[in-house]
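Q:
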Amino acid sequence: MRYYPAPYDEAGVADWIARNLSRYERDGHGLWAIDLKSTGEMIGDCGITLQEVDGQPLPEIGYHLRRDMWGQGYATEAARACRDYGFTQLNAEVLISLIRPENVPSRRVAERNGMTVWKEINRAGLKHLVYAVRRAPRDQ
Ligand SMILES: CC(C)(COP(=O)(O)OP(=O)(O)OC[C@H]1O[C@@H](n2cnc3c(N)ncnc32)[C@H](O)[C@@H]1OP(=O)(O)O)[C@@H](O)C(=O)NCCC(=O)NCCS
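If you're matching positions, the sequence shown starts at -1 in the numbering used here and goes up one per residue.
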């Protein structure tokens, strides 16, 4: 949570869950659970949420993984699955990831997801890079 304005307290967590439940209802997608296939254990979340960039809602791929599971390629695997889902099931033209410049692991995941830096924006008073990937002809 170091790249977010502050960690969530218990009320913040309950709010986050409620927000994603309403996203499933309203948008048909949101941040989903990442389950470890070998054990069925939930180790994080990854999914597609609508985020405003310069006044326009765009589908964003986000990911958060339990710390003891880092560095094994799980976020990359999940982010790629979301990219494929966004292009083939949601018919998105573009998918983005909003990332603080200092968040190197997250930037590496975006880059391995085929994304490049599109622009910089200010969000909650903090500089963010807008990584983006456009739909390739093979996904249409
Ligand atoms: C970002 C995050 C999901 C990456 O998960 P992950 O499963 O470890 O990612 P992967 O293993 O697929 O790839 C991580 C990449 O970052 C690198 N990396 C991992 N930890 C790192 C660190 N502390 N410093 C620099 N690079 C690091 C890995 O080596 C890998 O890059 P590589 O291809 O050059 O080897 C995870 O670090 C996380 O949950 N962070 C906290 C939440 C967060 O910041 N989410 C993103 C918000 S934009």
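For glycine and all other residues, C-beta sits at the position ideal for the given N, C-alpha and C. Bear in mind that the values here come from a model prediction, so they are computed numbers and not experimental data.
(1) So is L96 buried or exposed if we call it buried at 16+ other beta carbons inside 10 Å?
(2) Measuring CA to CA, which of T86, E75, V107 is closest to R133?
(3) Nearer than 8 Å: is that true of the beta carbon of V102 relative to any heavy atom of ligand 1?
(4) Is Y146 helix, strand or coil when you go by DSSP?
(5) Identify which residue in P103, E23, V51, R65 has its Cα closest to the Cα of A122.
(6) So, at 7 Å on beta carbons, what are the nonlocal neighbours of P99 in its own chain, with the 5 sequence-adjacent residues on each side left out?
(7) Based on Cα-Cα distance, which residue from P5, A76, P57 lies nearest to G26?
(8) Taking only three categories from DSSP, how would you classify N101?
(9) Around the C-beta of Y72, are 16 or more other C-beta atoms found within 10 angstroms, so that it is buried, or is it exposed?
(10) Who are the Cβ neighbours of P55 in its own chain at under 8 Å, not counting the five residues just before and after it?
(11) On the DSSP bridge assignment, give the partners of D33 in chain order.
A: Taking the definition as stated:
(1) The residue is buried, with at least 16 neighbouring Cβ atoms inside 10 Å.
(2) Nearest C-alpha to R133: T86.
(3) At least one heavy atom of ligand 1 is found less than 8 Å from the C-beta of V102.
(4) The structure shown does not extend to residue 146, since the chain is modelled only from -1 through 138, so no value can be given for it.
(5) Comparing alpha-carbon positions, the option among P103, E23, V51, R65 lying closest to A122 turns out to be V51.
(6) Excluding sequence neighbours, P99 sits near K125, L127.
(7) Closest option to G26, judged by alpha-carbon separation, among P5, A76, P57: P57.
(8) Looking at N101 - three-state DSSP - the assignment turns out to be coil, as it is neither helix nor strand.
(9) By the beta-carbon neighbour count (other beta carbons within 10 angstroms, threshold 16), Y72 is buried.
(10) Only L48, Q49 meet the Cβ criterion.
(11) Bridge partners of D33: M40.
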